[in-house]
Amino acid sequence: MPTGEPICPTCGQALTGGGLVLMDREEDGKRTCRALWKCEERHLWWVWADRPASALDPCPDTELFVD
Ligand SMILES: [Zn+2]
C-alpha cells in the first residue's frame, strides 16, 4: 500500500479523496467502484477501488461529481 496522499499528475498538488462511484467496468463486466480524487485546481482523477496500485485516470465527468 502506498503511504501518504496521492499527488495530482497535472499540477503536483496533494489530492483529496472525493468518494466512490459505483459503475460497471466494460473491461471485465464487473460492477465495481471508482475512487475519486481531486486537487485544489479542480483536476479530477479516479482509480478502480479494487486496483489501488494502478495509475490515476483522468475523470471525464467533472461536473457530475464535484460541487
Ligand atoms: Zn491538479
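In the working numbering, the protein residues as written are -4 to 62.
Ideal Cβ positions, reconstructed from N, Cα and C, are used throughout, including at glycine.
Note that the structure is a prediction, hence the values are computed from the model and not measured.
- Leu31 and Gly7 do not touch by the CB rule: their CB atoms are close to 19 Å apart, not below 8 Å.
- Going by C-alpha positions, Asp45 is about 18 Å away from Thr11.
- Residue selection by CB proximity (closer than 6 Å to any heavy atom of ligand 1) returns Cys3, Thr5, Cys6, Gln8, Cys34, Glu36, His38 in chain order.
- Sequence-distant partners of Lys33 (beyond 5 residues in either direction) whose C-beta falls short of 8 Å from its own C-beta, in its chain, are Leu10, Thr11, Gly13, Leu39, Trp40, Val61.
- DSSP assignment within the region -1 to 33 yields no whole alpha helix (DSSP H) run of 4 residues or more.
- When the alpha-carbon of Leu15 is set against those of Asp23, Thr27, Ser49, the nearest one is in Thr27.
- Ranking Asp19, Arg29, Glu21, Lys25 by CA distance to the CA of Ala48 puts Arg29 first.
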